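Protein chains in written order, with the working numbering: chain S, 510 to 845; chain E, 510 to 845. Built from N, CA and C at the ideal position, the CB exists for glycine as well. Just so you know, these numbers come straight off a predicted model, no measurement behind them.
Protein chains: 2
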Amino acid sequence: MGTVSRVLNDSAAVSEATRRRVLDVVAELGYEPNATARALSTGRTRSIGVIAPFFTRSSVIERLRGVAPMLAGAGYQLILVDVERAELRDAAFRSLFGRVDGLLSISLAPSPADGARLVRAGVPLVLVDHAHDEFPTITVDDAGGGRCATEHLLGLGHERIAFMGDTVDAVHGGSASSRRCVGYQRALDDAGLSLRPELVKLGPYGREATGIVDELFALERPPTALFAASDLQALAVVDAVRARGGRVPEDLSVVGFDDVELARYANLTTVAQPLAVSGMRGAELLLAALDGSELTEPRQHLPLELVVRGTTAPPGERSHFEHSPMEGGRTSARVA
Amino acid sequence: MGTVSRVLNDSAAVSEATRRRVLDVVAELGYEPNATARALSTGRTRSIGVIAPFFTRSSVIERLRGVAPMLAGAGYQLILVDVERAELRDAAFRSLFGRVDGLLSISLAPSPADGARLVRAGVPLVLVDHAHDEFPTITVDDAGGGRCATEHLLGLGHERIAFMGDTVDAVHGGSASSRRCVGYQRALDDAGLSLRPELVKLGPYGREATGIVDELFALERPPTALFAASDLQALAVVDAVRARGGRVPEDLSVVGFDDVELARYANLTTVAQPLAVSGMRGAELLLAALDGSELTEPRQHLPLELVVRGTTAPPGERSHFEHSPMEGGRTSARVA
DNA sequence: CTGAAAGCGCTTACAG
DNA sequence: CTGAAAGCGCTTACAG
Numbered sequence: 510m511g512t513v514s515r516v517l518n519d520s521a522a523v524s525e526a527t528r529r530r531v532l533d534v535v536a537e538l539g540y541e542p543n544a545t546a547r548a549l550s551t552g553r554t555r556s557i558g559v560i561a562p563f564f565t566r567s568s569v570i571e572r573l574r575g576v577a578p579m580l581a582g583a584g585y586q587l588i589l590v591d592v593e594r595a596e597l598r599d600a601a602f603r604s605l606f607g608r609v610d611g612l613l614s615i616s617l618a619p620s621p622a623d624g625a626r627l628v629r630a631g632v633p634l635v636l637v638d639h640a641h642d643e644f645p646t647i648t649v650d651d652a653g654g655g656r657c658a659t660e661h662l663l664g665l666g667h668e669r670i671a672f673m674g675d676t677v678d679a680v681h682g683g684s685a686s687s688r689r690c691v692g693y694q695r696a697l698d699d700a701g702l703s704l705r706p707e708l709v710k711l712g713p714y715g716r717e718a719t720g721i722v723d724e725l726f727a728l729e730r731p732p733t734a735l736f737a738a739s740d741l742q743a744l745a746v747v748d749a750v751r752a753r754g755g756r757v758p759e760d761l762s763v764v765g766f767d768d769v770e771l772a773r774y775a776n777l778t779t780v781a782q783p784l785a786v787s788g789m790r791g792a793e794l795l796l797a798a799l800d801g802s803e804l805t806e807p808r809q810h811l812p813l814e815l816v817v818r819g820t821t822a823p824p825g826e827r828s829h830f831e832h833s834p835m836e837g838g839r840t841s842a843r844v845a
Numbered sequence: 510m511g512t513v514s515r516v517l518n519d520s521a522a523v524s525e526a527t528r529r530r531v532l533d534v535v536a537e538l539g540y541e542p543n544a545t546a547r548a549l550s551t552g553r554t555r556s557i558g559v560i561a562p563f564f565t566r567s568s569v570i571e572r573l574r575g576v577a578p579m580l581a582g583a584g585y586q587l588i589l590v591d592v593e594r595a596e597l598r599d600a601a602f603r604s605l606f607g608r609v610d611g612l613l614s615i616s617l618a619p620s621p622a623d624g625a626r627l628v629r630a631g632v633p634l635v636l637v638d639h640a641h642d643e644f645p646t647i648t649v650d651d652a653g654g655g656r657c658a659t660e661h662l663l664g665l666g667h668e669r670i671a672f673m674g675d676t677v678d679a680v681h682g683g684s685a686s687s688r689r690c691v692g693y694q695r696a697l698d699d700a701g702l703s704l705r706p707e708l709v710k711l712g713p714y715g716r717e718a719t720g721i722v723d724e725l726f727a728l729e730r731p732p733t734a735l736f737a738a739s740d741l742q743a744l745a746v747v748d749a750v751r752a753r754g755g756r757v758p759e760d761l762s763v764v765g766f767d768d769v770e771l772a773r774y775a776n777l778t779t780v781a782q783p784l785a786v787s788g789m790r791g792a793e794l795l796l797a798a799l800d801g802s803e804l805t806e807p808r809q810h811l812p813l814e815l816v817v818r819g820t821t822a823p824p825g826e827r828s829h830f831e832h833s834p835m836e837g838g839r840t841s842a843r844v845a
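Here it is as C-alpha cells:
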C-alpha cells in the first residue's frame, strides 16, 4: 500500500508502469483514501473550524459568504460551530481541538486558557469582529460608527435620541453593541447633551422591540429618534412603531447598523460595514498563517459608511426618500 | 493509556480511586483526546456533512436554521460543503467520504455511483428538497405550488402571465424551478390558455432580471403578471420594473416562491414553504438512521401555502395591501 | 523504483 | 480492576 499512497500523493518517484496500474485499479474500485486515517498520519486535517454566534443571522451569513469560497478554494473543509448561548463558547472551541488545522472565530474570542492551548498546539486562530492582542484580527471602528449614526440624528435636529442594544454578556466581552453605545454616548456628550438613562434600552438580541417602543412612547418626553445596535433590532423597532399606528420617520427616526441585505429593502438608514470583505480578509489571514507565511498585516481595520435612506428625517418631518423604498435614494458619509 | 480511555468514556469498570486520579491529572493538564485518532479507532467521526448549493441563499439558510440545532443537540459536528457549480457536486460528496457518519443533502442528490457507495459503506443519507427512490426525503409539492401561484393570478383576471426560473441544469436534476414551471403550465392549460413561449424566461439564478423585464415589456402584448420560481428572482423583477419607472402591481403583478424573510419586508405575494421545518425533519430522519432506528416515515411531504401581499392585483389595479408594506396584510390559501 | 515496517493517538478485546 | 497489545487506515523514512 505504500506505493499506492505514493502515486495518489505523487510524493516520490514511481515508475510510469506501476503508476498506471495503480491508477487503473483505483479507478475501477472507486477507492477513496480514508480522510481520517490520513489526517492522523499526516497531522493535518485539511479542515478549518469556523465559530460564530448565531450563524443564521444575516450579518454572520454575509461574513461567511466571504470566508466559504476562500477556504474551499484552498481545499479546506469548513466545520461550522454555532454558539447560541454564551456558556457554550468554551465547549465550541474545545469541540474543534484536534479536528482542525486552523480556526476562524466571528465576534467571539477563546478563553485565555484555550487561546494559550491553541498557540501551544500551533493551531492558528484569526478573529473577525473582535479585537485581540495576541491573535490576528479584522475589525471595524464600532464606537466611531455609533458616533456617526448619532451625529446624523443630531444633525437632523434631534435632541431626544434613544439607544437600543444587546444586553452585555461576559463572553462576547466588549460586544459590538456596547462599543456602538459608547460612540452614541460620546456624540451626545460632544453635542452638550446629557445621557438620559431611560432612553437606553438593552435587551436580548432583536426581541422585545414592542415592549421597548411602548415604554419609550410612554415617557413624559419620548424620544424623536432611535439608534439601534443592529439592523435587525432597528427593523423590529420600525415594525413595532408601525404596528401601534405610528409612522417612521415622522414619529420616530430610526438608524440601524450593518447594512444587511434586508436594510435596503426596508429602506433603513444605517451604518454600513463590509461584512463579506471581513470574512474574506479573515480567511486570507488564516490561509497565510496555515501556509507558514509571516502575516504582513495581522490587524486589519475596515471602513464604515453611513447610508441615509428613508427611516430618518428631521423631527416631525417626512423623509425625502420615503416614497421610493426600493430605488434606494442613498446618501453616504465615510467614518474616520 | 488504556485506563485513561476507560474513565474518559466510562466504558468499563474502573476503581473509584484510579478514576479520581485520572480525572485530576486530565483536569490539570487540560488533556483533550485527539478526535481524529478516536474517529479512526472507533470508526465513528461524530460529524455529519451537509451539502447545499449556495448555502448563503436565504432559502438554504432558513433550512439550516432547522438542521444546525438538531445536530448540535445530538453532539454532532456540522461540516458544510457549498456547491456553487453543478460540476462540483461529485467532488462535494467525495470530499466527505470517510469524514462523516451521515450526510444531509439539500436540493441535490448524489450521482448513482456515489449513492451506491454510501449505501455500501453504511453511511446514511437524507435528502431535503429533492425526491429520490432510495433515500429518505423531505419534499414539497412544487408543481402544486406553481399551479397555486398561477391560479391566484388567473383568479385576479390575468391572462398574459410570464414565468421566470432557473436554467435547467443536469445535476440539480428536476430542479424545484422546473417543477414549479410545470405547475404554471398546468394551470394555464386548465384555464384553457395556451403557453406562450416568449413569456417563459429562464436564466442563471436571480441574475438578468433587468434584461428579462425589458424583453417582456418590449413584446407586442406584454404580460400583466409574472410568477417567479423563487422570492429572490421575484424581488429582482420588482426592482427592475421600478427601476424603469414602472409600478408593481399596477404594471406587473409579481408572485414569488419560498416566503423567505425578505419577502415579508418587500411585501411580496408568494408561495410559502416551511423551510426551517424541512431542515429539522431532515436532521431528525438522519439522527434516527444514525441511531439504527427503523424510519417510520422516510418520505415526508410538507405543506405549501399561498400568501397574498402587495405585489399582486387585478390587471391595471392597485393592490389593497400596497400602503402598509410592513404590517403585512396577509391572506392565505392552502395547497392540496 | 518498491517492499516492509514503524508510527500517528486513540479504543478495546485479551490476559492476568 | 488494570496493564500490555493489537488494530483502525493511512504516510513516510528506511532498506534493498
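Residue i versus residue j: straight-line alpha-carbon distance, rounded
i: D651/S; j: R730/S; result: 29 Å
i: L549/S; j: V709/E; result: 53 Å
i: S614/E; j: V590/E; result: 10 Å
i: V513/S; j: E541/S; result: 11 Å
i: G825/S; j: D760/S; result: 6 Å
i: G631/S; j: N776/E; result: 51 Å
i: L702/S; j: L663/S; result: 10 Å
i: L795/S; j: V628/S; result: 14 Å
i: V750/E; j: D698/S; result: 46 Å
i: P621/S; j: D533/S; result: 51 Å
i: E571/E; j: V531/E; result: 44 Å
i: L744/E; j: V722/S; result: 30 Å
i: R846/E; j: P732/E; result: Coverage of chain E is limited to positions 510 through 845, which leaves residue 846/E absent and any answer about it impossible.
i: S687/S; j: Y774/E; result: 27 Å
i: E793/S; j: T719/E; result: 34 Å
i: R634/E; j: N543/E; result: It should be pointed out that residue 634/E corresponds to Leu in this sequence rather than to Arg. When rounded, the distance between both Cα atoms is 26 Å.
i: G584/E; j: L587/S; result: 17 Å
i: A679/S; j: A618/S; result: Here A679/S scores only 49 on pLDDT, less than 50, and its place in the model should not be relied on; the value that follows carries that caveat. Roughly 11 Å between the two C-alpha positions.
Simplified DSSP state of residue i, which is helix, strand or coil
i: A544/E; result: helix
i: V609/S; result: coil
i: V516/S; result: helix
i: T648/E; result: strand
i: Q809/S; result: strand
i: S620/E; result: coil
i: T820/E; result: coil
i: S687/S; result: helix
i: S703/S; result: coil
i: S550/S; result: helix
i: L573/E; result: helix
i: V780/S; result: strand
i: A718/E; result: helix
i: V459/E; result: The displayed coordinates of chain E run from 510 to 845. Any statement about residue 459/E would go beyond what the structure contains.
i: V769/S; result: coil
i: E596/S; result: helix
i: E660/S; result: helix
i: E814/S; result: strand
Contact test: residue i Cβ vs the ligand SAM heavy atom, cutoff 8 Å
i: L589/E; result: The ligand SAM is not among the ligands present in this structure, which contains no ligands whatsoever.
In DSSP terms, what residue i is bridged to
i: V590/E; result: I560/E
i: L634/S; result: L612/S
i: S762/S; result: A734/S
i: F672/S; result: V709/S and F736/S
Cβ-based contacts, 8 Å cut-off: residues of the region 584-597 of chain E near chain S
Contacts with chain S (Cβ-Cβ distance below 8 Å) from the region 584-597 of chain E involve Q586, L587, I588, L589, V590, D591 and E593, listed in chain order.
Within 8 Å, do at least three Cβ pairs link the region 781-789 of chain S to the region 573-586 of chain S?
yes
Cβ pair count under 8 Å reaching 3, the region 666-673 of chain S against the region 731-744 of chain S
yes
Name, going along the chain, the residues of the region 717-739 of chain S whose beta-carbon falls closer than 8 Å to a beta-carbon of chain E.
none
Any chance the region 517-527 of chain E sits against the region 520-536 of chain S, with 3 or more Cβ pairs inside 8 Å?
no
Counting only Cβ-Cβ distances shorter than 7 Å, please list the residues of the region 600-613 of chain S near chain E, keeping chain order.
R603, S604, F606, G607 and R608
With a cut-off of 8 Å, do at least 3 Cβ pairs link the region 737-756 of chain S to the region 545-559 of chain S?
A contact is defined here as three or more CB-CB pairs under 8 Å, and the region 737-756 of chain S fails this definition with respect to the region 545-559 of chain S.
Report yes or no: do three or more beta-carbon pairs, one from the region 791-804 of chain E and one from the region 764-773 of chain E, lie closer than 8 Å?
no
Going along the chain, which residues of the region 533-561 of chain E sit with their C-beta nearer than 8 Å to a C-beta in chain S?
G539, E541, P542, N543, A544, T545, A546, A548, L549, T554 and S556
With contact counted as at least three CB pairs below 8 Å, one residue from each stretch, are the region 694-705 of chain S and the region 651-668 of chain S in contact?
yes
Short of 9 Å Cβ to Cβ, which residues in the region 563-581 of chain E face chain S?
F564, T565, S567, I570, E571, L573, R574, A577, P578 and A581
Quick one, which residues of the region 769-781 of chain S are near chain E if we go by CB-CB under 8 Å, in chain order?
E770, L771, Y774 and A775
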